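Before any comments, here is the structure.
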Amino acid sequence: MTYIVNDSCIACKFTDCVEVCPVDCFYEGENMLVIHPDECIDCGVCEPECPADAIRPDTEPDMEKWVEFNRKYSEMWPVIITKKDPLPDAEERDGETGKLEKYFSEAPGEGG
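The numbering of the sequence shown is the UniProt record's numbering, which starts it at 1 and goes up by one.
Now the structure itself:
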């Protein structure tokens, strides 16, 4: 099992989760985070920290695509271990549907 970040993170990018991760397996894109599935130790401490409910276990239905999505971008983006401010429109975008199609950016974040 591993945890994944889904499209609920897009255009919000709350980073509360990165501070509690004991293995530093979060990676930062321009407007979302992902978890490297091979580095995640399945501890689950990050899941309750996410205000957008974007972190889910891969054991839930239809998570295979998110495992691969997280794997792909965690290999392209820099690691993030320090909490940062969420994106400016995070509260407005939180809970919005269709964010992958509307807002997703493949660009890396700054990491740190």
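Built from N, CA and C at the ideal position, the CB exists for glycine as well.
Remember, predicted model here, so these are calculated numbers, not experimental data.
For residue i, three-class secondary structure by DSSP
i   : result
L87 : coil
E28 : strand
V23 : coil
V18 : helix
heavy atom of the ligand HEM below 6 Å from residue i C-beta
i   : result
Y73 : With respect to small molecules bound, the structure shown includes none, and the ligand HEM cannot be examined in it.
Cβ separation of residue i and residue j, assumed to be a contact under 8 Å, to the nearest whole Å
i   : j   : result
C17 : F26 : 6 Å
R56 : N6  : 6 Å
8 Å Cβ shell around residue i - same chain, five flanking residues per side excluded
i   : result
P88 : none
I81 : V18, E19, C21, D24, F26 and G112
W77 : Y27, E28, G29, V34, P108, G109 and G111
Cβ shell of residue i (< 7 Å), same chain only, five flanking positions each side left out
i   : result
A52 : S8, C9, C12, F14 and D94
C43 : P22
Residue i - partner residues in DSSP beta bridges
i   : result
I55 : V5
Inset, instruction - Kindly confirm or deny that the region 86-106 and the region 3-11 touch, where touching means at least three C-beta pairs closer than 8 Å. - result: Yes, the region 86-106 is in contact with the region 3-11.
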